[in-house]
Structures are given as structure tokens and as C-alpha cells.
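Residue numbers (my numbering): 60 to 425.
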């Protein structure tokens, strides 16, 4: 599909709202296979026929067109061309392109920052944010940008950019940071860098994450894990293996077995995720993030860490150490909280509501 060429002048001047609106109408029309004149700027992207892949693809191409870093979820967040252009106008003025308001609460002076997943966007954390009552919630996510450097950043470099944005967004006071899975290492590094810069981290919440690549268990460790393995196996079969579409049960099982046979450093994206329905842009971003995640080595956090672990564990994973390996990297205590669900759905639906309540209990205790 042919796309309009990137404008060299866009990055040199203030946002041209009318030109950007016209550009977006062409992209939406091409993606939806309709006439540009039929594209209503007030209609939602979904009603115009865009799917989730189209949302991400157009956001990425828009970043290149404007020479501006923008959130990967821009079209999801703002839903129409008119609202998207208005948001772009604000982003071009503030530069806080990696931060997205997920829940506003004017009655609370406290903000909870949720750090993105391996996909770079906020994904299910957008739903989870709605469960965090009594606090403002801001998402931290990667931005699409025309700068190739962004796709090759280490996790430490990524965190450094986020810390600059967080300090600008909240010039005073302490921070509450949370991250799920991949986002756990990133949230940890953000918290460490905030402390190094002289800021206070009041609460760091890790959702089912671990600090280092998993190492293979020794024979004695494997033997000691047998009782826990047998207790976890029925839950894993019910909640993990049989989750998702039944037609892909064999694929999921084969992927999990392949991941167990490989060493931690040999795992690639296809060993973690079903990539068949993902666009090339999304796959590339996840692969880059997976590499930065695998090469990360954490420092030392001053204070405590709250680890929220899903009750259903991945098969043969983290069955012996309740702290999931975090204790050597925390000067205080690792407080472990068991919560409902498995690794993926612990932040969704009723599981997410229970997790939010558990996290807020710790945050409100101070």
C-alpha cells in the first residue's frame, strides 16, 4: 500500500492541524478501503473500519510523517481524527509524549504511574487503571518516532527518558510506580534512577515479574520443587494452557515446551508469544524490547518492594523462591502478595480489581 511521503517541514514548525487532518483522512481511507471524502473526522476509527493493527500502523507512520515522538496508543486513546489532532497539538508543545492520563481524580494529590508492557503500549493496563480508585493514574509508554535510535535503546536508556518525563510531570513529591511482567524490570529501573536523582519512591509494585533471566534448576532444586509443581499443575492446565482459542491449544503447548527446552538466553519472541496476528511493526518493537529486557542487570533499590504474584504459576517457573529473585536487589524487604489469576489475566476483569485493591492497601499505608 502506498503512503504519502514524510514531510520534512513538519518537524521544523508548529503542528499544521489542517494538513495533519487531511493526511490522517487519507491514511484512514486507505486502511479502511473507502474514499477519503467519506471519512468523517468526528467518527470513531473503529466505526470507519480500522482494526487494532491499523491503529498501531497509522500511529507509527504518523510519527515518521511529523518527525514527532507520539504514544503508540494515540489512535486508541483519542478515537477520532479531530481528537487525535488536538492531542498531537498538545504533545508537540509539551514534549511529554510518553505519558498518558488513564484515570483522573481531582480529589487525590497522589499519582500512580503504570509502566508499559513488552509491546511498548499500555494494553490491558488501560483497563486495570480504571480499578485504581482514589488516585490519578498515568501510563508510561513508548513513543513511535522517526528516530531509529529509539528502537535500539537499552532498558536503562529507556528508563532514563521516562525519568526525565516523570520529573517534569511531577516536579515535587514522591512517586508510586508499578509494572507488570516485562514492565516490572523497567519499573524497577525507573525507581532506581529516580532515587539516584534525589527523588523519593514511596511505593514500587511489581506484578509477576522477575529481575533476571530464569536459570535452569539443579537436580536437587527440581526435586524440592516437585510438591509445589504437583499443586500448581491443575491450575496451570485450567487457567493457562486452556486459555485462549481452543483451535490454538496445540500451538500454545508446543510453544511452552519449546521455551522449556531452550536456555534463557536462547529464547526469542516466538517462544513467548503467538505472533501470527501481529503486524511487522509490533513484532519488531517486541523483539527489540525483549533483547533489552534479557540484557538488563538490576542495581540496588533503597527501601521496600511489593511483589504481587499470580496464584497460578507458569509451569516449572519460580516455584521455590517466593521473592522471584528480587531480594538481592532490594535494601529493605520484598513483601510478597499472592493474588488471583495467572500471569496474563491477573490485571484483567475481576482479577484486576482484586489486584488493584491489594496494591492500594499497600500504597495507602504509606
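Note that the Cβ used here is the ideal one computed from N, Cα and C, for glycine as well. If you're wondering where the values come from, they're calculated on a predicted model, not measured in any experiment.
Cβ of residue i within 8 Å of Cβ of residue j?
| i | j | result |
| --- | --- | --- |
| residue 261 | residue 425 | yes |
| residue 87 | residue 109 | yes |
| residue 115 | residue 100 | no |
| residue 238 | residue 174 | yes |
| residue 248 | residue 357 | yes |
| residue 282 | residue 253 | no |
| residue 412 | residue 190 | yes |
| residue 240 | residue 177 | yes |
| residue 382 | residue 395 | yes |
| residue 170 | residue 229 | yes |
When DSSP labels each residue in this structure, what does residue i get in the three-state scheme?
| i | result |
| --- | --- |
| residue 396 | strand |
| residue 202 | strand |
| residue 246 | helix |
| residue 262 | strand |
| residue 171 | strand |
| residue 238 | strand |
| residue 343 | helix |
| residue 402 | coil |
| residue 129 | strand |
| residue 145 | helix |
| residue 75 | coil |
| residue 98 | coil |
| residue 297 | helix |
| residue 368 | strand |
Measuring straight from C-alpha to C-alpha, what distance separates residue i and residue j?
| i | j | result |
| --- | --- | --- |
| residue 391 | residue 235 | 17 Å |
| residue 305 | residue 297 | Any reading at residue 305 needs caution, since the residue's pLDDT is 47, under 50, leaving its predicted position unreliable; the model's value is listed next. If I take the Cα positions, the gap works out to 12 Å. |
| residue 223 | residue 158 | 11 Å |
| residue 123 | residue 195 | 31 Å |
| residue 385 | residue 270 | 6 Å |
| residue 78 | residue 112 | 24 Å |
| residue 147 | residue 83 | 12 Å |
| residue 393 | residue 74 | 47 Å |
| residue 389 | residue 117 | 41 Å |
| residue 202 | residue 244 | 19 Å |
| residue 415 | residue 137 | 25 Å |
| residue 372 | residue 251 | 27 Å |
Between the Cα of residue i and the Cα atoms of the options, which residue gives the shortest distance?
| i | options | result |
| --- | --- | --- |
| residue 368 | 96, 417, 341 | 417 |
| residue 291 | 423, 139, 112, 401 | 401 |
| residue 231 | 256, 139, 395 | 256 |
| residue 339 | 221, 373, 119, 137 | 119 |
| residue 259 | 107, 349, 241, 363 | 363 |
| residue 287 | 370, 251, 244, 354 | 370 |
| residue 188 | 285, 244, 408 | 408 |
| residue 346 | 184, 105, 98, 213 | 213 |
Problem set entry | Complete runs of the alpha helix (DSSP H) confined to the stretch 177 to 202 [at least 4 residues] | Qualifying alpha helix (DSSP H) stretches, in chain order: 184 to 188.
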